[in-house]
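Here the protein sequences come in this chain order: G and Z.
Mapping the first sequence onto this note's numbering, position 308 (from 1) lands on 308, and the numbers just tick up by one.
Mapping the second sequence onto this note's numbering, position 29 (from 1) lands on 370, and the numbers just tick up by one.
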Amino acid sequence: MPSCELAVILENPEATFKPGDVVRGFITVDVSDAVKCRGLHVRLLVRTHGRGNRWEREHGADLLFEGNWNPGEQQLYPFEFVVPPGPVSYRGNLLNVSWYVYSYVDIPWGFDPEVTEEITVIAGDEPVELGPVHDAALPDFSAAMSALPATAVFGAGIMVMAFGLLPALMIGVCEGDLTAGMFSAILVVPSFGLGAYLIYRALRNRMAERRLGDVRFEVDNPEATCGDTLSFSVQLSPEAPVQVTRAVLTLQAEEVVVSGSGTNKKTHRHMQFTRELPLHEGGELVGPVHWNTEITIPEDAPPSFGAPCNNLSWQAELHIDIPRWPDWMRKMALRIHPRPS
Amino acid sequence: MAGAYAHLNLRINPFGELPPHVRSRLAVANTAPLVEALRKPGTAVQLVGRCGRGKSSHLLALHRELPESHYARLWTDQPPPSALSGDILLIDEADAVWAGTRLRLLRRGRSVAVAVHRDQSWILRLAGFRVLTVEVGSVDRERLRAIVQRRIEFARLGPGPLPGLDDPVLDALLDTHGDDIRAMETPLYAAFQTLQAVEDLTPTHLYGAP
Numbered sequence: 001m002p003s004c005e006l007a008v009i010l011e012n013p014e015a016t017f018k019p020g021d022v023v024r025g026f027i028t029v030d031v032s033d034a035v036k037c038r039g040l041h042v043r044l045l046v047r048t049h050g051r052g053n054r055w056e057r058e059h060g061a062d063l064l065f066e067g068n069w070n071p072g073e074q075q076l077y078p079f080e081f082v083v084p085p086g087p088v089s090y091r092g093n094l095l096n097v098s099w100y101v102y103s104y105v106d107i108p109w110g111f112d113p114e115v116t117e118e119i120t121v122i123a124g125d126e127p128v129e130l131g132p133v134h135d136a137a138l139p140d141f142s143a144a145m146s147a148l149p150a151t152a153v154f155g156a157g158i159m160v161m162a163f164g165l166l167p168a169l170m171i172g173v174c175e176g177d178l179t180a181g182m183f184s185a186i187l188v189v190p191s192f193g194l195g196a197y198l199i200y201r202a203l204r205n206r207m208a209e210r211r212l213g214d215v216r217f218e219v220d221n222p223e224a225t226c227g228d229t230l231s232f233s234v235q236l237s238p239e240a241p242v243q244v245t246r247a248v249l250t251l252q253a254e255e256v257v258v259s260g261s262g263t264n265k266k267t268h269r270h271m272q273f274t275r276e277l278p279l280h281e282g283g284e285l286v287g288p289v290h291w292n293t294e295i296t297i298p299e300d301a302p303p304s305f306g307a308p309c310n311n312l313s314w315q316a317e318l319h320i321d322i323p324r325w326p327d328w329m330r331k332m333a334l335r336i337h338p339r340p341s
Numbered sequence: 342m343a344g345a346y347a348h349l350n351l352r353i354n355p356f357g358e359l360p361p362h363v364r365s366r367l368a369v370a371n372t373a374p375l376v377e378a379l380r381k382p383g384t385a386v387q388l389v390g391r392c393g394r395g396k397s398s399h400l401l402a403l404h405r406e407l408p409e410s411h412y413a414r415l416w417t418d419q420p421p422p423s424a425l426s427g428d429i430l431l432i433d434e435a436d437a438v439w440a441g442t443r444l445r446l447l448r449r450g451r452s453v454a455v456a457v458h459r460d461q462s463w464i465l466r467l468a469g470f471r472v473l474t475v476e477v478g479s480v481d482r483e484r485l486r487a488i489v490q491r492r493i494e495f496a497r498l499g500p501g502p503l504p505g506l507d508d509p510v511l512d513a514l515l516d517t518h519g520d521d522i523r524a525m526e527t528p529l530y531a532a533f534q535t536l537q538a539v540e541d542l543t544p545t546h547l548y549g550a551p
């Protein structure tokens with residue numbers, strides 16, 4: 001049994017708080033045995049919980065009392081904190097972001113009693129922070145690869161292939177038996193596969209653009225707010241008529257969290273929001289083509305969030321499916337802010 | 342304010358990822374004989390088991406029981422901590438480094454406890470220790486019940502009933518995952534995400550209708 005029990009009493013327990021608001025309340029201490037208190041601490045903190053490793057940040061700390069408590073005492077200590085500018089509270093599937101008033105008693109050589117009380121933080125009129133990793137969106141791999149000179153990317157793929165191929169050839173030539181052949185295959189297959197995949201990923205959009213011409217994929221506002229309408233624009237300039245199976249724009253919000261570390265490290269993913277917008281239902285494209293589409297982000301959609309091991313990333317993906325030819329695909333990172341209440 | 346799991350009388354999903362200091366508090370491990378052994382200089386305790394069986398939780402529980410001990414986790418791609426030394430060393434993933442490095446690390450302590458995937462008694466003896474081997478992993482229905490209940494109790498929001506797991510659920514978890522407790526966390530986490538009220542989980546919550 002702990003020698004004292006703590007409780008958090010909020011001035012307004014039903015309230016939600018915006019950045020700049022003040023959280024007021026009391027820490028009550030019910031003492032059952034004599035306690036030498038090295039410190040009664042109270043903190044305001046934001047913390048992730050769910051499938052990912054926990055991330056936590058303290059936004060205020062106060063020492064309320066130091067000294068001795070006697071059995072039967074009941075004490076009340078006031079506290080107040082100003083709510084910082086985000087992130088907002090969030091309830092998801094793999095990821096939750098929660099704000100707490102946390103209090104504990106530091107008892108020398110003893111069990112430290114503690115208590116937490118959750119509060120809800122919502123967006124105010126000013127923009128809020130989206131977590132310490134502000135670039136919450138996933139890296140745009142295909143765009144980065146497209147920006148590299150084709151010869152450099154092709155060379156990198158060849159090098160990966162050669163990494164397995166050369167030693168395998170040497171073993172095969174020197175040994176020339178079945179075991180050596182099998183060992184050679186073990187070396188060749190993964191490196192050849194990886195090299196080929198890299199070359200394909202790097203050159204896919206370039207190949208597609210031989211048919212489609214230059215493709216421009218833009219959004220009017222990559223940093224929007226829940227409830228906003230995003231306008232996407234796609235421009236193609238095929239030099240000759242080209243058949244397209246379909247063109248689709250997909251807007252997604254995905255929770256990506258990492259649990260464990262080292263050999264136990266594991267990434268978990270959950271699609272929290274997804275919406276497909278068909279841009280073209282298939283057929284022949286002739287001359288300059290211009291597609292425009294709009295999508296409204298629901299007001300209750302999850303906002304972007306980024307903290308170590310805990311991310312909620314928004315992205316728009318354009319996929320132009322060309323029959324019997326590499327498709328054109330690109331992901332565009334978006335940052336979606338919570339709607340002011 | 343009611344949290345995301347208040348309808349279950351919980352603060353958090355009990356089967357989410359927990360930080361090491363919390364895992365050490367929740368470990369279901371009989372550490373008393375190991376604590377006693379480690380307090381005698383020249384003793385090496387090796388906790389042997391496959392991934393997800395609770396070796397790290399055991400070691401963290403020992404660290405909690407032995408405040409004078411020093412804990413370190415080793416990585417394959419990082420040098421071991423140079424400052425690691427003391428009377429009692431607790432080394433997690435001790436087989437992540439080369440044998441020579443491991444031997445030098447072991448010799449820095451008067452007693453050591455290591456969490457390893459394979460038997461390392463030869464190197465512990467080479468370092469001059471008496472070796473006590475604990476196979477971590479054997480889990481039956483009762484031990485699993487204790488582990489699960491401790492996690493759920495830790496997540497408690499307030500007084501009153503909590504969701505529980507009945508015997509068929511525990512049996513289904515053991516049938517599906519064997520002694521891999523970490524692997525059980527995935528279906529349990531998902532099941533708690535879908536629970537609408539305080540009730541006992543059934544195998545259907547975990548693995549769908551048969």
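Cβ coordinates follow ideal geometry from the N, Cα and C atoms, glycine included.
Short Cβ contact (7 Å threshold) for residue 452 (chain Z) with residue 405 (chain Z): Taking the first residue of the second sequence as position 1, residue 452 (chain Z) is located at position 111. Taking the first residue of the second sequence as position 1, residue 405 (chain Z) is located at position 64. No Cβ-Cβ contact shorter than 7 Å links residue 452 (chain Z) with residue 405 (chain Z).
Cross-chain neighbours of residue 360 (chain Z) in chain G, by beta carbon under 9 Å: By one-based count along the second sequence, residue 360 (chain Z) stands at place 19. Result: 53, 54 and 56.
CB contact check: residue 344 (chain Z) to chain G, cutoff 7 Å: Position 3 of the second sequence, counted from the start, is the residue given in the question as residue 344 (chain Z). Answer yes: the Cβ-Cβ gap between residue 344 (chain Z) and chain G drops below 7 Å somewhere.
Could you check what DSSP says for residue 94 (chain G) in three-state terms: helix, strand or coil? Against the first sequence, residue 94 (chain G) aligns to sequence position 94. It is coil, neither helix nor strand.
is_contact[residue 259 (chain G), chain Z] using C-beta, thresh 7 Å: Stepping through the first sequence from its first residue, residue 259 (chain G) is reached at position 259. Residue 259 (chain G) counts as touching chain Z.
Give a yes or no on whether 7 Å exceeds the smallest Cβ distance from residue 91 (chain G) to chain Z. Translated into positions along the first sequence, residue 91 (chain G) becomes position 91. Contact of residue 91 (chain G) with chain Z is assigned, a C-beta pair being separated by under 7 Å.
Can you check DSSP and say which residues form a bridge with residue 273 (chain G)? Here residue 273 (chain G) corresponds to residue number 273 of the first sequence, with the count starting at 1. DSSP links residue 273 (chain G) through a beta bridge to G:253.
Measure the alpha-carbon distance for residue 278 (chain G) versus residue 547 (chain Z) and round it to whole angstroms. On the first sequence, residue 278 (chain G) is found 278 positions in, with the first residue counted as 1. On the second sequence, residue 547 (chain Z) is found 206 positions in, with the first residue counted as 1. Rounded to whole angstroms, residue 278 (chain G) to residue 547 (chain Z) spans 36 Å at the Cα level.
List, in chain order, every chain G residue whose beta-carbon is nearer than 9 Å to that of residue 353 (chain Z). Within the second sequence, residue 353 (chain Z) is the residue found at index 12, counting from 1. The answer, in chain order, is 49, 50, 96 and 98.
Which runs of the beta strand (DSSP E) at least 3 residues long sit entirely within the segment 181-247 of chain G? Give them in chain order. 215-219, 223-225, 229-236 and 242-244
Shortest alpha-carbon distance to residue 261 (chain G) belongs to which of Z:480, Z:531 and Z:416? As a working note, residue 261 (chain G) is residue 261 in the first sequence. It is Z:416.
Residues in its own chain within less than 6 Å of residue 135 (chain G) by CB, not counting five upstream and five downstream? Within the first sequence, numbered from 1, the residue matching residue 135 (chain G) stands at position 135. Model confidence at residue 135 (chain G) stands at a pLDDT of 47, short of 50, so the residue's coordinates are unreliable; what they give is reported in the following sentence. Correct list: empty, nothing qualifies.
Residues of chain G with CB under 7 Å from residue 357 (chain Z), in chain order? One-based indexing of the second sequence puts residue 357 (chain Z) at position 16. Neighbours of residue 357 (chain Z) on chain G, chain order: 49, 50 and 51.
The segment 248-267 of chain G / the segment 202-215 of chain G touching (three or more Cβ pairs under 8 Å): no
Below-7 Å beta-carbon distance, residue 341 (chain G) vs any chain Z residue: Looking up residue 341 (chain G) in the first sequence gives position 341. Taking 7 Å as the threshold, the shortest C-beta distance from residue 341 (chain G) to chain Z does not fall below it.
Give the residues from the segment 297-329 of chain G that approach chain Z closer than 9 Å (Cβ to any Cβ), ordered along the chain. 309
Using the three-state DSSP reduction, which class does residue 56 (chain G) fall into: helix, strand or coil? For this step, residue 56 (chain G) is matched to residue 56 along the first sequence. Strand at residue 56 (chain G).
Taking only the alpha-carbon atoms, compute the straight-line gap between residue 20 (chain G) and residue 86 (chain G) and give it to the nearest angstrom. Within the first sequence, numbered from 1, the residue matching residue 20 (chain G) stands at position 20. Within the first sequence, numbered from 1, the residue matching residue 86 (chain G) stands at position 86. About 10 Å.
Could you say which of G:37, G:51, G:56 and G:332 lies nearest to residue 45 (chain G) if we only look at CA atoms? Translated into positions along the first sequence, residue 45 (chain G) becomes position 45. Considering only alpha carbons, the answer is G:56.
Contact between the segment 188-203 of chain G and the segment 217-234 of chain G: three or more CB pairs below 8 Å? no
Alpha carbon to alpha carbon, how far is residue 285 (chain G) from residue 243 (chain G)? Give it in angstroms, no decimals. Your numbering for residue 243 (chain G) matches position 243 in the first sequence. Your numbering for residue 285 (chain G) matches position 285 in the first sequence. For residue 243 (chain G) and residue 285 (chain G), the distance between alpha carbons rounds to 6 Å.
State the CB to CB distance for the pair residue 303 (chain G) and residue 130 (chain G), rounded to an integer number of angstroms; the pair is presumed to be in contact (CB under 8 Å). Within the first sequence, residue 303 (chain G) is the residue found at index 303, counting from 1. Within the first sequence, residue 130 (chain G) is the residue found at index 130, counting from 1. Right, their Cβ atoms sit about 7 Å apart.
Can you check whether the C-beta of residue 136 (chain G) is within less than 7 Å of a C-beta belonging to chain Z? Here residue 136 (chain G) is taken as the residue at index 136 of the first sequence, counted from 1. Model confidence at residue 136 (chain G) stands at a pLDDT of 44, short of 50, so the residue's coordinates are unreliable; what they give is reported in the following sentence. For residue 136 (chain G), the answer is no, since every Cβ of chain Z falls outside 7 Å of its Cβ.
Using CA atoms only, rank isn't needed, just tell me which of G:300, G:191, G:318 and G:341 is closest to residue 291 (chain G). Numbered from 1 along the first sequence, position 291 holds the residue referred to as residue 291 (chain G). Selected option, being the one with the closest Cα: G:318.
Measuring only the C-alpha atoms, how far is residue 305 (chain G) from residue 256 (chain G)? For the purposes of this step, residue 305 (chain G) is taken as residue 305 along the first sequence, with counting starting at 1. For the purposes of this step, residue 256 (chain G) is taken as residue 256 along the first sequence, with counting starting at 1. Using only the alpha carbons, I get a separation of about 10 Å.
Quick check on this structure: which residue in G:269, G:248 and G:288 has the alpha carbon closest to the alpha carbon of residue 214 (chain G)? For this step, residue 214 (chain G) is matched to residue 214 along the first sequence. Residue G:288 is the option with its Cα nearest to residue 214 (chain G).
Just checking my contact of residue 117 (chain G) with residue 10 (chain G) at CB under 8 Å: how many whole Å lie between their CB atoms? Position 117 of the first sequence, counting from 1, holds the residue named residue 117 (chain G). Position 10 of the first sequence, counting from 1, holds the residue named residue 10 (chain G). Confirmed, Cβ separation roughly 7 Å.
Check whether the segment 415-432 of chain Z touches the segment 390-397 of chain Z, taking contact to mean three or more Cβ pairs, one atom from each stretch, closer than 8 Å. Between the segment 415-432 of chain Z and the segment 390-397 of chain Z there are fewer than three C-beta pairs closer than 8 Å, too few to call the two in contact.
Chain G contacts made by the segment 518-543 of chain Z, where a contact means CB separation under 7 Å: 530 and 534
Applying the 10 Å Cβ sphere with the 16-neighbour rule, what's the burial state of residue 389 (chain Z)? Counted from its first residue, the second sequence places residue 389 (chain Z) at position 48. Per the 10 Å Cβ criterion, buried.
Between which residues of its own chain and residue 491 (chain Z) is the CB-CB distance below 7 Å, once the five residues before and five after are set aside? As a first step, residue 491 (chain Z) is located in the second sequence; it is residue number 150 there, counting from the start. Short of 7 Å from the beta carbon of residue 491 (chain Z), and not among the five residues preceding or following it, lie these beta carbons of its own chain, in chain order: 367 and 369.
Am I right that residue 486 (chain Z) and residue 515 (chain Z) are in contact with their C-beta atoms under 8 Å? What's the rounded C-beta distance? Taking the second sequence and counting its residues from 1, the one referred to as residue 486 (chain Z) is at position 145. Taking the second sequence and counting its residues from 1, the one referred to as residue 515 (chain Z) is at position 174. Contact flag wrong, Cβ pair sits at about 11 Å.
Comparing the C-beta of residue 416 (chain Z) with each C-beta of chain G, is any distance below 7 Å? In the second sequence, the residue the question calls residue 416 (chain Z) occupies position 75. Put simply, the CB of residue 416 (chain Z) is near chain G, with a gap under 7 Å to one of its CB atoms.
3-residue-minimum beta strand (DSSP E) runs that sit fully inside the segment 438-508 of chain Z, ordered along the chain: 450-457 and 471-476
Mind checking who residue 266 (chain G) pairs with in its DSSP beta bridge? Along the first sequence, one-based indexing puts residue 266 (chain G) at 266. Residue 266 (chain G) pairs with G:259.
Run through chain Z and tell me which residues come within less than 7 Å of residue 262 (chain G), C-beta to C-beta. For this step, residue 262 (chain G) is matched to residue 262 along the first sequence. Those within 7 Å of residue 262 (chain G) in chain Z are 416 and 434.
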